[in-house]
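Trainee:
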Amino acid sequence: MFEKDIYQLIRGLRAHKGAERDYINQALAECRREVRTTDLDAKATALLKLVYLEMFGHDMSWASFNVLEVMSSAKFNHKRVGYLAAVQSFRPDTEVLMLAENLLKKDLGGADKATIALVLTTIPHVVSPAMANSLLADLLTRLAHSSPAIRKKTIVTLYRLALVYPETLRPAWPKIKELLLDEDEDPSVTAAIVNVVCELGWRRPQDFLPLAPRLFELLTAGGNNWMAIKIIKLFSTLTPLEPRLVKKLLPPLTSIIKTTPAMSLLYECVNGIIQGGIMEAVEGTMEGDEVARLCVNKLRAMLVVEGDPNLRFVALLAFAKITSSHADIVAQHSDVILECIDDPDISVRTRALDLVVGMINANNLQQIVERLLKQLRSAGKAPATADPSQDRGMPHGIEPLADDDDEDMQTTIRAKETKSAQAPPLPDDYRTSVIERILEMCSRETYAHMNDFEWYIGVLVELVKQCPASTGSGTFGSHNAGVGKEVPSVADAVGNELLNVAVRVKAVRPEAAAAAQSLLLFDQREQMFPAAGSGGQGVLSSAAFIAGEYATLLPSAEAVLTSLVHVSSAQLPPQTLASYLQAIPKVFTTLTSDQQAAWTSTRRTNTTLLIARIIHFLGPLTLHPSLEVQERAVEYLDLMRLASEAASSQPTSEESDGYAEPPLLLTQAIPSLFTGMELNPVAAAALRKVPLPDDLALDSPINSNLQMLLQQAEDDASAFDSGQADEVSRFYNEKPSAVSVPQHQRPAADTLLDPPSSVLASRSSSYQHDAETEPLDRAAAKARQRAERRERYKDDPYYIDPDRDGSGTSTPTALHNILRSANGEELDVDAIPVMELKFDAAPEGERKAGGRAPVAKKKVKRRFEIAGDETLEGGEGDEGAKATANGGGASVAAAVSRAKKSLLEVDSSGLSSLSLSDDAGAASGRNAAASYVDVERRRAEEEEMTRAIKEVERLRLEMQRAQERIQPMGVPEEGTVVRRKKKKVKKGEGLEGDVDEGEGGEVAKRRKKKKRRESEGGETRETGEVVEGGDHEGGEADTPAQTKRKKKKRQVTFEEEA
Amino acid sequence: MINAVLVFNNNGQPRLTKFYTQLDTAVQQRLLSEIFTLVAARPPSSCNFLPLPPLLAPSSRTTSTEHNDAPSLVTYRHYATLYFILISTSTESPLALLDLVQVYVEALDRLFENVCELDLIFNFETLHAVLAEMIVGGVVVETGLEKVVEGVRAQGRVAKRPVNESRAGLSQGIWAGR
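Just so you know, the protein sequences line up as chains C and D, in that order. Sequential numbering of the first sequence, starting at 1, is according to the UniProt record's numbering. Sequential numbering of the second sequence, starting at 1, is according to the UniProt record's numbering.
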């Protein structure tokens, strides 16, 4: 049987070009077989192959037990493969992990340094809290290992242990600290400790303040840039806690900035000064000014340096950090930062863009936006996804390919990083984010920085052209949340902006309307929306709204109407189409509602032609799949038909010899549908502030005798055939009551809930009913029917009761009472409470002021007046409610973000609750005392445990001796028993170290058992043995001794080998 | 800390994957391909920092104070046919990470003498061993080139790729010149 080694696998893979998948499947099958053989060499080889294939996404979790077998091999080469496989393939749910624990302990305690290192690098990948607890003692002893390589790895491993089991730090931290403070310690160990301290530092900076002198010493000693960077990073979290550090740090940091040849160290110094608040702390003093100037100048130099985009990137990052505290400093360098907007590298550009948004003011806004626009215009639309070779698809996309470019692969990778200059295409998401930023900059603080709205409208129209074709998810949605709909694409955001400007800034409405027209006009569509697909078309619905609402301002309303009713418009998405449908009658009204002009035949012809075109457009839309579109189309279609009738029937001036009035429907009725109060911007929270009317009773039934009504409806249904004609006319002329759904026509879902028999029964009963009430006397039936109908509709305001005489004979119900008490006996439309808006007496004046006119009118420039959001001046209660709502939202969001851990995140939050200061004595005494007590108690428990174990051991030996005395020598089992005993002793010793509070109970139990055993001393040997075993298992509740027992024999052999 | 170290070639073929958190194999592959898509789209003149791939992008816009635990930086470096990627949290220094990659590559070069991709394909175990000398559990333990090399050599002889490789493969002609 030929077995491949790893080289052959890889070589084979490279040889099977195009058929890699088959080859891999075959190889996997071989590995499966090989890994089960008893030959450890074969096992290890198979495992290595599996690890290689795992890299390409072939799961090997099934082999976890074999991994363990190879790990436990005595040969280092096997071990290395085994441990590597464990690192690469063990997952939190890997079951054999528990079995690995003893092996890890054993290897950790071995003499071979390489093996120990293997274990140390593996533990962070596989550790679980329970395992951490039991490995802790073994790891702590490794801190004193003679090899610095082992020591430094142990330190880091202890840190990872602490992440899952924070208690680790209690015993470990004092030792680590000792090593850190030891000046004779190997520098690489010190560096490793500094790395760990830096990771721990930001969680609990106060615990590390006592280390500051030593860290300072290490910083000034220099030598290791990596460590210096880490120390600076750590100090930047410490300085806010200890202001005195600032003065101390300033000289070395300044000198490093001035002297170091390492750019990374220089940058981190500047960054540390910024982040640690050192700049603020020394502000005003001479050296403070100097250091600020130094830092900023260095950052500036990084921005302008040629040929290193990395420096630009990190400098911008640093600028972004000070922009909130030192906006003035950042603004001083706006020239170089602005340069970065046009950087060839998109990462740099994005950073710069972030900064620029915070830097705009009335003076530079236009300039910046123009630059961004130019960038959008000049760059070709070449989304990254357009190249199919780069579109690698999803998880199964990676297959080991047979590489065809062997020449390439022999290129030494030491060669200088390959870099060449080449213009980058603008990916869609960047494009989207630029547009969003432009909108954000311009609309900031309700257009505070906007001087020229005409220009802005021009920009918006330009932006529509630049919208990426695919509707990317817009991140811009903060300011137009008030519009109340989602922002599915950036084009919608542009549209919303256009609408916002049109509504808020009266002065530029004509321009806005003209812009809307230019967007809507059919013959310009090609030019306006060059992007294929639905790119910029999201703007159309806003444009249509503007065109409709401000139709009188349109330069050419007729052209707009022509475009709106163009055949191609019917293909637009439903949302846009609905907006179009609403705009059509508005524009139509503007064109036809002139009251002054005479009704000439020309005008009539024109009007009828327009109507005909609209009807032609609306007709097919009455069957549109979208309900919204359908409804609007039906409504306006009928309106247009009426208008058409009115127009054609109205005699023209020619016909009537002299002046003829245009039809009233066109001049009065239809325009009145669309005129009224002007639409003003309303604050998002305004609706919440409308107080509920006191007499609004949402809980009381609208009609208390619903049951009866339903019954009547059923009766009524029975009389259908009697008055067919009557029914038909009623169907069209009356609004059905809300409760008139007959009982046997309940929704299908309801019927499904009922047991079928009852449904049948109810049906049959209704049929019977039908049969029974076959009218004998039609007249009588009619009268009764009418009476019933009256009864049924007595509360329906739409029902015009021929018999009703205003005084109202109907029985009063809750709603009725409300209406009556509010309006008096007669139903006066003007007096409907909705219009009264009488919320409360006191702030009425204010409310009116707030309600009718914009709350705050900001005068930006002579011409432009920007309407703010309308809102109601709510009471305190409202504010409170809002605040709580917001707070609740925030906390929910926070909870969500906390729950949604990032993919690769290692959660260290457990550490934040653990104080390390117990022996440093710096922090809160109570905490320290508590932990001290804790430590004491644990120590006591440990001692007790050791004593108990010794006692047990002694007892067992006694019994063994007793057994030997009784049993004649030479029994074959004896050997195994002795060996077993030996092993148990070992285990017992292992236990001594890792006792924890949790096992306190165990100790007690054990002692009890022991006592009992003492009392029953004269038992037979076999039983004694059994009890013994049980006792040990009890003691090792969390170690998998039980499972191990099955393989005892093999384990024993391993031990002997070792 | 460092959350992951990835090495793949110009075609996105992985040469080393090391995640310092336990992650499902399928998710690993997805992350790999997302990063490759990002990295492959970048012109050589651009900087060595990537935007976060979709899988790692923060789910909500709220940047919480606990940001230090979440990976926030993807640093890459491109050498000949290989990309070296480091995913790290904000406690690492971006420029220092670039130097770290350099040390890693130099160490490989020392061990393999004029290292090329083929060496890494055939000796991926060594690739892991070098990394283990430098990073343990996501924390950097050694940045000194000498010590890294020394640490790896202490574990045993580092093989150059199989000696007969140039003759055994299909592509004899191409390899003959070497």
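Each residue gets a CB set at the ideal place from its N, CA and C atoms; glycine is no exception.
Alpha carbon to alpha carbon, how far is residue 151 of chain D from residue 68 of chain C? Give it in angstroms, no decimals.
Mentor: Reading the first sequence from its first residue, position 68 is the one you call residue 68 of chain C. Reading the second sequence from its first residue, position 151 is the one you call residue 151 of chain D. Whole-angstrom Cα-Cα distance: 25 Å.
Trainee: Check the Cβ-Cβ distances between residue 149 of chain D and every residue of chain C, and say whether any is below 9 Å.
Mentor: As a position in the second sequence, residue 149 of chain D is number 149, starting the count at 1. Chain C, which has no Cβ nearer than 9 Å to the Cβ of residue 149 of chain D, makes this no.
Trainee: Quick check: the Cα distance between residue 87 of chain C and residue 60 of chain C, rounded to an integer number of angstroms?
Mentor: For this step, residue 87 of chain C is matched to residue 87 along the first sequence. For this step, residue 60 of chain C is matched to residue 60 along the first sequence. The alpha-carbon atoms of residue 87 of chain C and residue 60 of chain C are separated by roughly 12 Å.
Trainee: Excluding the 5 residues preceding and the 5 following residue 658 of chain C in the sequence, name in chain order all residues of the same chain whose CB lies nearer than 8 Å to its CB.
Mentor: Counted from its first residue, the first sequence places residue 658 of chain C at position 658. Counting only Cβ-Cβ distances below 8 Å, and skipping sequence neighbours, we find nothing.
Trainee: Look up residue 115 of chain D in the DSSP assignment and say whether it is helix, strand or coil.
Mentor: Locating residue 115 of chain D in the second sequence gives position 115, counting from the first residue. Coil at residue 115 of chain D, not helix or strand.
Trainee: Mapping DSSP to helix, strand and coil, what is residue 644 of chain C?
Mentor: For the purposes of this step, residue 644 of chain C is taken as the residue at position 644 of the first sequence. Residue state, collapsed to three classes: helix.
Trainee: Verify the CB distance criterion: does residue 491 of chain C have a CB-CB separation below 9 Å to chain D?
Mentor: Position 491 of the first sequence, counted from the first residue, corresponds to residue 491 of chain C. With 9 Å as the cut-off, residue 491 of chain C does not count as an interface residue toward chain D.
Trainee: Does DSSP classify residue 87 of chain D as helix, strand or coil?
Mentor: Within the second sequence, residue 87 of chain D is the residue found at index 87, counting from 1. Looking at residue 87 of chain D - three-state DSSP - the assignment turns out to be strand.
Trainee: With 16 other CB atoms within 10 Å as the buried threshold, where does residue 133 of chain D fall?
Mentor: The residue labelled residue 133 of chain D in the question sits at position 133 within the second sequence. When all chains shown are included, residue 133 of chain D counts as buried.
Trainee: Between which residues of its own chain and residue 230 of chain C is the CB-CB distance below 6 Å, once the five residues before and five after are set aside?
Mentor: As a working mapping, residue 230 of chain C is identified with position 230 in the first sequence. Counting only Cβ-Cβ distances below 6 Å, and skipping sequence neighbours, we find 194, 195, 198.
Trainee: Just the C-alpha distance for residue 547 of chain C and residue 592 of chain C, rounded to the nearest angstrom, thanks.
Mentor: Position 547 of the first sequence, counted from the first residue, corresponds to residue 547 of chain C. Position 592 of the first sequence, counted from the first residue, corresponds to residue 592 of chain C. Between residue 547 of chain C and residue 592 of chain C, the C-alpha separation is close to 16 Å.
Trainee: Mark residue 279 of chain C as exposed unless 16 or more other C-beta atoms lie within 10 angstroms of its C-beta, in which case mark it buried.
Mentor: For the purposes of this step, residue 279 of chain C is identified with residue 279 of the first sequence, where counting begins at 1. That one is buried.
Trainee: Can you find a CB in chain C that lies within less than 9 Å of the CB of residue 85 of chain D?
Mentor: Numbered from 1 along the second sequence, position 85 holds the residue referred to as residue 85 of chain D. Not closer than 9 Å to any Cβ of chain C, the Cβ of residue 85 of chain D fails to qualify, so no.
Trainee: What is the C-beta distance between residue 565 of chain C and residue 632 of chain C, in whole angstroms, given that I count them as a contact (C-beta under 8 Å)?
Mentor: As a first step, residue 565 of chain C is located in the first sequence; it is residue number 565 there, counting from the start. As a first step, residue 632 of chain C is located in the first sequence; it is residue number 632 there, counting from the start. With a Cβ gap of about 14 Å, residue 565 of chain C and residue 632 of chain C do not count as contacting.
Trainee: Measuring only the C-alpha atoms, how far is residue 550 of chain C from residue 375 of chain C?
Mentor: Here residue 550 of chain C refers to the residue found at position 550 of the first sequence. Here residue 375 of chain C refers to the residue found at position 375 of the first sequence. Taking the straight line joining both Cα atoms gives about 33 Å.
Trainee: Can you have a look at residue 9 of chain D and say buried or exposed, based on whether 16 or more other CB atoms are within 10 angstroms of its CB?
Mentor: In the second sequence, counting from the first residue as 1, residue 9 of chain D sits at position 9. It counts as buried.
Trainee: If you reduce the DSSP assignment to three classes, tell me which class residue 15 of chain D lands in.
Mentor: As a working mapping, residue 15 of chain D is identified with position 15 in the second sequence. The answer is strand: DSSP assigns residue 15 of chain D an E or B state.
Trainee: Please report the straight-line C-alpha distance between residue 77 of chain D and residue 114 of chain D, rounded to a whole angstrom.
Mentor: Within the second sequence, numbered from 1, the residue matching residue 77 of chain D stands at position 77. Within the second sequence, numbered from 1, the residue matching residue 114 of chain D stands at position 114. If you take the alpha carbons of residue 77 of chain D and residue 114 of chain D, they lie about 18 Å apart.
Trainee: Of the residues that make up the stretch 343 to 373 of chain C, which ones have a beta carbon closer than 8 Å to any beta carbon in chain D?
Mentor: Cβ contacts with chain D come from 344, 345, 346, 347, 348, 350.
Trainee: CB of residue 268 of chain C to nearest heavy atom of the ligand SAM: below 8 Å?
Mentor: Absent from the structure shown: the ligand SAM. Ligands present: none.
Trainee: What is the DSSP secondary structure of residue 665 of chain C, counted as helix, strand or coil?
Mentor: Numbered from 1 along the first sequence, position 665 holds the residue referred to as residue 665 of chain C. Helix.
Trainee: Under the assumption that residue 147 of chain D contacts residue 334 of chain C (Cβ atoms under 8 Å), give the Cβ distance between them as a whole number of angstroms.
Mentor: Your numbering for residue 147 of chain D matches position 147 in the second sequence. Your numbering for residue 334 of chain C matches position 334 in the first sequence. Actually they do not touch by this definition, with Cβ atoms about 46 Å apart.
Trainee: Starting from residue 606 of chain C, trace the alpha helix (DSSP H) both ways and give me its first and last residue.
Mentor: The residue labelled residue 606 of chain C in the question sits at position 606 within the first sequence. Counting along the chain, the alpha helix (DSSP H) containing residue 606 of chain C begins and ends at 601 to 621.
Trainee: Reducing DSSP to helix, strand and coil, say where residue 52 of chain C ends up.
Mentor: Locating residue 52 of chain C in the first sequence gives position 52, counting from the first residue. Helix at residue 52 of chain C.
Trainee: Just reading off the alpha helix (DSSP H) that residue 125 of chain C is part of, what are its end residues?
Mentor: The residue you call residue 125 of chain C lines up with position 125 of the first sequence. Element bounds for residue 125 of chain C: 113 to 126.
Trainee: Near residue 240 of chain C, which residues of its chain fall below 6 Å by C-beta distance, leaving aside the five closest residues on each side in sequence?
Mentor: By 1-based counting over the first sequence, the position of residue 240 of chain C is 240. Answer for residue 240 of chain C: 277, listed in chain order.
Trainee: Name the residues in the stretch 303 to 314 of chain C whose C-beta lies less than 9 Å from a C-beta of chain D; which are they?
Mentor: Cβ contacts with chain D: 307, 308, 309, 310, 311, 312, 313, 314.
Trainee: Per DSSP, which residues does residue 196 of chain C bridge with? Please list them.
Mentor: Counted from its first residue, the first sequence places residue 196 of chain C at position 196. Partner(s): none; residue 196 of chain C has no beta bridge.
Trainee: In chain order, what residues of the stretch 228 to 246 of chain C put their CB closer than 7 Å to some CB of chain D?
Mentor: For the stretch 228 to 246 of chain C, which is checked against every Cβ of chain D, the residues closer than 7 Å are 229, 233.
Trainee: Establish whether the CB of residue 46 of chain C and some CB of chain D are separated by less than 9 Å.
Mentor: Here the question's residue 46 of chain C lines up with position 46 in the first sequence. No - not a single Cβ of chain D is within 9 Å of the one on residue 46 of chain C.
Trainee: Where do the ends of the alpha helix (DSSP H) carrying residue 28 of chain C lie?
Mentor: Against the first sequence, residue 28 of chain C aligns to sequence position 28. Residue 28 of chain C -> alpha helix (DSSP H) spans 20 to 34.
Trainee: Can you say whether residue 173 of chain C is buried or exposed, counting buried as having 16 or more other CB atoms within 10 angstroms of its CB?
Mentor: Sequence index remark: in the first sequence, residue 173 of chain C carries index 173 (1-based). Buried, since its Cβ has 16 or more Cβ neighbours within 10 Å.
Trainee: Using C-beta distances below 8 Å, list every residue in its chain close to residue 112 of chain C, excluding the 5 sequence neighbours before and after it, in chain order.
Mentor: Locating residue 112 of chain C in the first sequence gives position 112, where the first residue counts as 1. Counting only Cβ-Cβ distances below 8 Å, and skipping sequence neighbours, we find 76.
Trainee: Applying the 10 Å Cβ sphere with the 16-neighbour rule, what's the burial state of residue 1015 of chain C?
Mentor: As a position in the first sequence, residue 1015 of chain C is number 1015, starting the count at 1. Residue placement at residue 1015 of chain C is poorly supported in this model, since its pLDDT is 49, which falls under 50; the coordinates are not used for a value here.
Trainee: Between residue 597 of chain C and residue 439 of chain C, what straight-line distance do the alpha-carbon atoms span, to the nearest angstrom?
Mentor: Within the first sequence, numbered from 1, the residue matching residue 597 of chain C stands at position 597. Within the first sequence, numbered from 1, the residue matching residue 439 of chain C stands at position 439. Their Cα atoms are separated by approximately 44 Å.
Trainee: For residue 444 of chain C and residue 94 of chain D, what's the separation of their Cα atoms in angstroms?
Mentor: The residue you call residue 444 of chain C lines up with position 444 of the first sequence. The residue you call residue 94 of chain D lines up with position 94 of the second sequence. Spanning the two alpha carbons is a distance of roughly 32 Å.
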